[in-house]
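These notes concern the structure reproduced below.
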Amino acid sequence: MILRTATCACGQVRAACRGEPSKVSLCHCLECQRRTGGPFGVAAFFPRAAVEVSGETREFRRPADSGFDVVFRFCPHCGATVWWEALRKADMIAVAAGAFADPDFPAPSQAVYGEHRHAWVPEDLV
Ligand SMILES: [Zn+2]
Ligand SMILES: [Zn+2]
Numbered sequence: 004m005i006l007r008t009a010t011c012a013c014g015q016v017r018a019a020c021r022g023e024p025s026k027v028s029l030c031h032c033l034e035c036q037r038r039t040g041g042p043f044g045v046a047a048f049f050p051r052a053a054v055e056v057s058g059e060t061r062e063f064r065r066p067a068d069s070g071f072d073v074v075f076r077f078c079p080h081c082g083a084t085v086w087w088e089a090l091r092k093a094d095m096i097a098v099a100a101g102a103f104a105d106p107d108f109p110a111p112s113q114a115v116y117g118e119h120r121h122a123w124v125p126e127d128l129v
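In this note's numbering, the protein residues as written are 4 to 129.
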């Protein structure tokens, strides 16, 4: 079974993920824009049992539109967010797709919050 490891920019925080992601989702929302510093975020969702996390993290918690909180885990040394938990889907862990640094990582199958898409980002990205 394939094993992929996501890491923060300094390598201290790691999330080792077994198997293929259950879902890969691209998010144009303004919160993802601020969190990533990019025009959108890409989350790979894995069953919690398929992910082994390590390293020291700090958390940033915010309410999601679902009414449940989302808890982001970021590296206190380099600041990169590697993984997070949407408390609405407590059986899943979301991992930042870019943290795998793998151009062959599976593409997103959906895009959400299209109303916040930057004008230059192609509409048919997903
Ligand atoms: Zn780091
Ligand atoms: Zn978002």
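C-beta atoms are modelled at their ideal positions from N, C-alpha and C, and glycine is treated no differently. Note that the coordinates shown come from a computational prediction; the quantities given were computed from them, not determined experimentally.
Residue i (DSSP reduced to helix, strand or coil)
i: Ala-46; result: strand
i: Phe-75; result: strand
i: Thr-60; result: coil
i: Glu-55; result: strand
Nearest-angstrom Cβ-Cβ length linking residue i and residue j, presumed shorter than 8 Å
i: Ser-25; j: Phe-63; result: About 23 Å; that fails the 8 Å criterion.
i: Trp-86; j: Ala-9; result: 7 Å
Residues near residue i by beta carbon distance below 6 Å, same chain, minus five either side
i: Phe-71; result: Leu-90 and Arg-91
Sheet register partners of residue i (DSSP bridge)
i: Gln-113; result: Ser-28
i: Thr-8; result: Ala-19
i: Val-98; result: Ala-47 and Trp-86
Proximal residues to residue i (C-beta, below 8 Å), its chain only, five neighbours per side dropped
i: Val-129; result: Leu-29, Ala-110, Pro-111, Ser-112, Gln-113 and Ala-114
7 Å CB neighbourhood of residue i in its chain, flanking five on each side removed
i: Cys-81; result: Cys-11, Ala-12 and Cys-13
i: Pro-66; result: Asp-72
I need the residues with a C-beta less than 5 Å from some heavy atom of ligand 1; please give them in chain order.
Any residue whose Cβ sits closer than 5 Å to a heavy atom of ligand 1 makes the list: Cys-11, Cys-13, Gln-15, Cys-78, His-80 and Cys-81.
Around ligand 2, Cβ to any heavy atom closer than 5 Å, ordered along the chain:
In chain order, the hits are Cys-30, Cys-32 and Cys-35.
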